[in-house]
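Going by the numbering used here, the first residue of the sequence shown is number 1, and it counts up by one from there.
No residue lacks a Cβ here, since even glycine has one placed at the ideal position from N, Cα and C.
In what follows, a structure is listed as structure tokens, so that the remarks can point back to it.
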Amino acid sequence: MASARTELRNRVRANRAVSRARRATARAARAVQTSARSITTHVIATGADAATVKGVVKALQGVAKTARANGLKGKRVRIRRTAQGFKRHAVTAYRYTRAQVAQIAAAYKPRKAEYKTVRAALIAA
Numbered sequence: 001m002a003s004a005r006t007e008l009r010n011r012v013r014a015n016r017a018v019s020r021a022r023r024a025t026a027r028a029a030r031a032v033q034t035s036a037r038s039i040t041t042h043v044i045a046t047g048a049d050a051a052t053v054k055g056v057v058k059a060l061q062g063v064a065k066t067a068r069a070n071g072l073k074g075k076r077v078r079i080r081r082t083a084q085g086f087k088r089h090a091v092t093a094y095r096y097t098r099a100q101v102a103q104i105a106a107a108y109k110p111r112k113a114e115y116k117t118v119r120a121a122l123i124a125a
């Protein structure tokens, strides 16, 4: 009896995790349609998994830094970050529209197949 209960609990947890990821993707997709958002939000909106999102975002942030030097200006914002719950300090971040992210993605040349898929989705958006 305990094994059936454990199996059911694990299935419920797995279903909940999938549902949570689906909702996050839908929420991000709505957000990027309305206004400028972070590169991370744009990549999440493509529906990629967490590991792929992390890798693509790091690469795109490097490309975005070069693009900023060449005239592509995102919206500059100051956000408050904490280091383990204390000493909040302001950090400069940038928010980009879908068109700006498409320009950044066009300059990005990935090697991994998953990253190429995300790049194509960002350019198409």
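Can you tell me whether DSSP reads residue i as helix, strand or coil?
i, result
"ALA124", "helix"
"TYR108", "coil"
"ALA36", "coil"
"THR41", "helix"
"LYS65", "helix"
"LYS73", "coil"
With distance defined between alpha-carbon atoms, name the residue in the options nearest to residue i.
i, options, result
"ALA17", "ASP49, VAL32, ALA120, SER38", "ASP49"
"VAL118", "ASN15, LEU8, VAL91, ILE39", "ILE39"
"ALA125", "LYS75, PRO110, THR97", "THR97"
Please confirm whether any heavy atom of the ligand SAM lies closer than 6 Å to the CB of residue i.
i, result
"ALA125", "With respect to small molecules bound, the structure shown includes none, and the ligand SAM cannot be examined in it."
Hey, how far is the Cα of residue i from the Cα of residue j?
i, j, result
"ALA106", "VAL63", "10 Å"
"ALA59", "ALA26", "23 Å"
"ARG76", "GLN61", "14 Å"
"ARG20", "ARG88", "29 Å"
"THR92", "ARG13", "37 Å"
"VAL56", "ALA2", "42 Å"
"GLU114", "TYR94", "25 Å"
"THR46", "LYS109", "17 Å"
"LEU122", "GLY74", "16 Å"
"ASN15", "PHE86", "35 Å"
"VAL51", "THR6", "In the sequence on display, residue 51 carries Ala and not Val. If I take the Cα positions, the gap works out to 28 Å."
- If you pair each beta-carbon of the region 30 to 49 with each one of the region 81 to 101, do three or more pairs fall below 8 Å? Yes, since at least three Cβ pairs between the region 30 to 49 and the region 81 to 101 fall closer than 8 Å, the two stretches touch.
- Cβ pair count under 8 Å reaching 3, the region 75 to 89 against the region 51 to 67: Short answer: they don't touch.
- Task: Report the residue ranges of all beta strand (DSSP E) runs contained in full by the region 6 to 34; include only those spanning at least 3 residues, in chain order.
- Result: Qualifying beta strand (DSSP E) stretches: none in this window.
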